[in-house]
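A.B. asks:
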Amino acid sequence: MKKIFIPVICMLSVFQLAAQSTFEDVYALLQTNCAACHVDGHESGLSLNGSIAEVYDNIYNTDPENAASSAKGYKVVFPGDPYKSFLFSKINNGLALDVNLTAGEGAACPQDGGAPLADKDIELIRQWIIYGARETGSQVDVALINSFYTTGGIQSVPSPPAPPAPEEGFQIHYGPWFLWPEDEQEYWSKFSTLLPEDQEINRVDVQMGPYSHHFIIYKYDMPTHVLNPFGLRELDPEFMGVSLVTANQFSYDLVLPENTAFPWASNTWLDLNSHYINYSADLPLACEVFVNVYTQPSGTAVQQMYSELPVNDDIYIPNNGNEYTFDQAIYDGGNNDEIFLWGITSHTHKYGTDYDIYKRNADGSRGEHIFDASCIGTEGMPGCLDEIYDYQHPPIRYWDNFLPITLKEGLIHEASYVNNGPEPVWFGLTSDDEMMVMIYFYLEDTTGLNLPATTAIEEQVSERFRIQPNPAHQSAVVIFATPAAPSTYMLVTDMTGNRVGMQEVPVGSTTAIIERRHLPAGMYM
37 MKKIFIPVIC MLSVFQLAAQ STFEDVYALL QTNCAACHVD GHESGLSLNG
87 SIAEVYDNIY NTDPENAASS AKGYKVVFPG DPYKSFLFSK INNGLALDVN
137 LTAGEGAACP QDGGAPLADK DIELIRQWII YGARETGSQV DVALINSFYT
187 TGGIQSVPSP PAPPAPEEGF QIHYGPWFLW PEDEQEYWSK FSTLLPEDQE
237 INRVDVQMGP YSHHFIIYKY DMPTHVLNPF GLRELDPEFM GVSLVTANQF
287 SYDLVLPENT AFPWASNTWL DLNSHYINYS ADLPLACEVF VNVYTQPSGT
337 AVQQMYSELP VNDDIYIPNN GNEYTFDQAI YDGGNNDEIF LWGITSHTHK
387 YGTDYDIYKR NADGSRGEHI FDASCIGTEG MPGCLDEIYD YQHPPIRYWD
437 NFLPITLKEG LIHEASYVNN GPEPVWFGLT SDDEMMVMIY FYLEDTTGLN
487 LPATTAIEEQ VSERFRIQPN PAHQSAVVIF ATPAAPSTYM LVTDMTGNRV
537 GMQEVPVGST TAIIERRHLP AGMYM
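Numbering (the working numbering), first residue to last: 37 to 561.
(1) Should the segment 438-450 be regarded as contacting the segment 395-409, the criterion being three or more beta carbon pairs within less than 8 Å?
(2) Answer yes if the segment 423-433 comes into contact with the segment 302-317, meaning at least three C-beta pairs across the two stretches below 8 Å, and no otherwise.
(3) Report all residues from its chain with a CB closer than 8 Å to the CB of K120; omit the five preceding and five following residues, and keep chain order.
(4) Excluding the 5 residues preceding and the 5 following I366 in the sequence, name in chain order all residues of the same chain whose CB lies nearer than 6 Å to its CB.
(5) Exposed or buried, which one is K39 when buried takes at least 16 other CB atoms within 10 Å?
(6) Indicate whether P152 and I158 have their beta-carbon atoms separated by less than 9 Å.
(7) Quick one: what's W300 bridged to in DSSP?
(8) Check whether the Cβ of V75 lies closer than 8 Å to any heavy atom of the ligand FMN, and answer yes or no.
(9) Do the segment 183-195 and the segment 83-92 meet, that is, are 3 or more Cβ pairs less than 8 Å apart?
(10) Ignore the nearest five residues each way along the sequence and tell me which others in L65's own chain have a CB closer than 6 Å to its CB.
(11) In chain order, what residues of the same chain lie with their CB nearer than 6 Å to the CB of S279, ignoring the 5 residues before and after it?
(12) Taking the continuous alpha helix (DSSP H) assigned at I127, which residues delimit it?
(13) Helix, strand or coil for F326, going by three-state DSSP, please let me know.
(14) Please classify G464: is it buried, with 16 or more other beta-carbons within 10 angstroms of its beta-carbon, or exposed?
(15) Does DSSP classify V541 as helix, strand or coil?
(16) How many Å lie between T58 and S174 at the Cα?
(17) For chain B, find out if any of its Cβ atoms is closer than 9 Å to the Cβ of Q428; answer yes or no.
(18) So, helix, strand or coil for A365, using DSSP?
(19) In its own chain, which residues sit with a C-beta less than 7 Å from the C-beta of L485, not counting the 5 before and 5 after it?
(20) What is the DSSP secondary structure of P440, reduced to helix, strand or coil?
(21) Run through DSSP, which three-state label would F59 get?
(22) Kindly confirm or deny that the segment 322-337 and the segment 241-252 touch, where touching means at least three C-beta pairs closer than 8 Å.
(23) When the Cα atoms are used, what is the spatial distance from S225 to F251?
(24) Figure out for me which residue from M341, L263, D289 and D349 has the closest Cα to the Cα of D307.
(25) Tell me the DSSP secondary structure of Y387 in three-state form.
(26) Can you tell me where the beta strand (DSSP E) holding N94 begins and where it ends?
(27) Just verifying my parser: in three-state terms, what is the DSSP assignment at R11?
(28) Quick one: using the 10 Å Cβ neighbour count with 16 as the cut-off for buried, is E415 buried or exposed?
(29) Suppose you measure from the CA of L131 to the CA of D155; what does that come to, to the nearest Å?
(30) Ends of the alpha helix (DSSP H) at F184?
(31) Can you give me the start and stop residues for the beta strand (DSSP E) that I313 sits inside?
(32) Looking only at DSSP bridge pairs, what is L321 linked to?
(33) Which residues bound the alpha helix (DSSP H) around A198?
(34) Mapping DSSP to helix, strand and coil, what is T282?
(35) In three-state DSSP terms, what is I448?
(36) Which term fits Y352, buried or exposed, when burial requires 16 or more other beta carbons within 10 angstroms of its beta carbon?
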């Protein structure tokens, strides 16, 4: 038996060592479709007819001879980014709808009558670049790509948004990467903005597919990006030297308040984090995100916008159908400085049932209730009549005039969960785990923003009730300082004094809802 068994093991070992790497597949495509033209001395300056090692050295992170492409900061192959790779631009042939050769970049390849590469072959080259353009190892699931292009699949963003005009900003195209049916994956990938000079960001428009769990943009505040490899990576446990820019749970256009911005230095590097779940039972999914980043000259904004993402990872939810509630205080004891909240939201997974955020009092108790994720109709403002918690689409509450928070007092966030699943859950990254995350945007100062001053009359009125949000879109909540007495009515008039609405406030109630219904846009009292 030993004489038979040992050779079988040896043959298996040799087979494993001889397995095809992703770059070997790419090299074979280049030899078949490109090497006949791209010989030594070719007018393009790119030779592709050498050995596999020579070709890799000729294309990996090298400057193109083409002046137009080089001027844009492209490489022949920019590891991790096919949309800054001149090679991909030349062979794309319409696969990526947002990739077009520009003036001076020549004609598409193959040339001299050669047929364009098949879509699945172009995709293989794109995937090799997206996963870091490595010389060795198998990073790309070729069978998955072939299934998508042969039997069909789901495009997460079938109609990519148009990018900003060059003088207004730039577009980030993340992906695609692919998932088998009923699979999920989360990736991080570093991204070079190639900003030629310091600039400010006043708007970030993120568009992603309905199967996206989240998309987060981090910014490297120090050159720690060199510690991470190019291309998609599955884990980033350290988050070294990065700060949050924005976190999206669905497509959203984040427009910062006037005279505020995120400052980004020239050549800023970002870390992009995408998580997709393929809910389809039979079709593969192409996972993509498009981000339009709008810029303005450095020094335009008066105040810098900041963002934070506090996490409570100390949660454990037994699978017994009972509700479990966790809270966490976020404060800086002894720090009398203020921050000024602009926006706030929350994040849980599927077992989440509610999420509330409060101001924290000096003694550690809960103060004003400032956010209720179950109040979608009032855009996160507490006091709504119909509470509906949608963990996939939590509201974002904004304060046009900003909400002062003293750092030594801070905030308290509280989340509730009911686990009816097959097993207990803890904090974790997959959709079968749970999360408790608060996300907020703030300023450190409001000087120079010309915020409206509160008059003495307004102060007297505000002692009796306040209206939130104001201005409102479809509805607003009137919050009374004391419970309503019998026969209390709320009268709404237009600016000419004509009554446009009236409703009775229930005895003892401290809130009332104003629904816009038929009212046109305008100012009302």
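Just so it is clear, CB atoms sit at the ideal spot from N, CA and C, and this is done for glycine as well.
Treat the numbers as computed from the prediction; the structure is a model and nothing was measured.
C.D. replies: The short version:
(1) yes
(2) no
(3) Locating residue 120 in the sequence shown gives position 84, where the first residue counts as 1. Excluding sequence neighbours, K120 sits near K108, G109, Y110, K111, F114, S228 and L230.
(4) Reading the sequence shown from its first residue, position 330 is the one you call residue 366. Excluding positions up to five away in sequence, the list reads P346, G446 and L447.
(5) If you number the sequence shown from 1, residue 39 lands on position 3. Low confidence applies to K39: its pLDDT is 36, below 50, so where it sits in the model is not reliable, and the reading given next is rough at best. K39 is exposed by the Cβ-count criterion.
(6) Taking the sequence shown and counting its residues from 1, one reaches residue 152 at position 116. Taking the sequence shown and counting its residues from 1, one reaches residue 158 at position 122. Yes.
(7) The count along the sequence shown starts at 1 and reaches residue 300 at position 264. Beta-bridge pairing links W300 to Q235.
(8) This structure lacks the ligand FMN; in fact it carries no ligand of any kind.
(9) no
(10) Start at 1 with the first residue of the sequence shown, and residue 65 comes out as number 29. Counting only Cβ-Cβ distances below 6 Å, and skipping sequence neighbours, we find D157.
(11) As a working note, residue 279 is residue 243 in the sequence shown. Answer for S279: K255 and D257, listed in chain order.
(12) Taking the first residue of the sequence shown as position 1, residue 127 is located at position 91. Start and end: F122 to I127.
(13) For this step, residue 326 is matched to residue 290 along the sequence shown. Reduced to three states, the DSSP call for F326 is strand.
(14) Reading the sequence shown from its first residue, position 428 is the one you call residue 464. G464 is exposed by the Cβ-count criterion.
(15) Counted from its first residue, the sequence shown places residue 541 at position 505. The answer is strand: DSSP assigns V541 an E or B state.
(16) Locating residue 58 in the sequence shown gives position 22, where the first residue counts as 1. Locating residue 174 in the sequence shown gives position 138, where the first residue counts as 1. So the two alpha carbons sit approximately 5 Å from each other.
(17) This model lacks chain B altogether, as it is built from one protein chain only.
(18) Stepping through the sequence shown from its first residue, residue 365 is reached at position 329. If DSSP states are grouped into helix, strand and coil, A365 belongs with the strands.
(19) For the purposes of this step, residue 485 is taken as the residue at position 449 of the sequence shown. Cβ within range, chain order: N295, V338 and Q339.
(20) In the sequence shown, residue 440 corresponds to position 404, counting from 1. P440 falls in the strand class under three-state DSSP.
(21) For this step, residue 59 is matched to residue 23 along the sequence shown. Looking at F59 - three-state DSSP - the assignment turns out to be helix.
(22) yes
(23) The sequence position of residue 225 within the sequence shown is 189, counting from 1. The sequence position of residue 251 within the sequence shown is 215, counting from 1. Between S225 and F251, the C-alpha separation is close to 12 Å.
(24) Walking along the sequence shown from the start, residue 307 turns up at place 271. Minimum Cα distance to D307 is reached at L263.
(25) For the purposes of this step, residue 387 is taken as residue 351 along the sequence shown, with counting starting at 1. In this structure, Y387 counts as coil in the three-state DSSP scheme.
(26) On the sequence shown, residue 94 is found 58 positions in, with the first residue counted as 1. Looking at the DSSP string, N94 is not in any beta strand (DSSP E); the run it does join, the alpha helix (DSSP H), is I88 to I95.
(27) No information on residue 11 is available, as it lies outside the stretch 37 to 561 that the chain covers here.
(28) Along the sequence shown, read from residue 1 onward, the residue named residue 415 stands at position 379. Its Cβ being crowded by 16 or more others within 10 Å, E415 is buried.
(29) Translated into positions along the sequence shown, residue 131 becomes position 95. Translated into positions along the sequence shown, residue 155 becomes position 119. Their Cα atoms are separated by approximately 7 Å.
(30) Residue 184 sits at position 148 when you count from the first residue of the sequence shown. Residues V178 to T187.
(31) As a first step, residue 313 is located in the sequence shown; it is residue number 277 there, counting from the start. Unbroken beta strand (DSSP E) run through I313: W305 to I313.
(32) For this step, residue 321 is matched to residue 285 along the sequence shown. Answer is I190 and L215.
(33) Position 162 of the sequence shown, counting from 1, holds the residue named residue 198. First-last for A198: undefined, no H or E at that position.
(34) As a position in the sequence shown, residue 282 is number 246, starting the count at 1. Three-state result, T282: strand.
(35) The sequence position of residue 448 within the sequence shown is 412, counting from 1. Here I448 sits in strand by DSSP.
(36) Indexing the sequence shown from 1 puts residue 352 at position 316. The residue is exposed, with fewer than 16 neighbouring Cβ atoms inside 10 Å.
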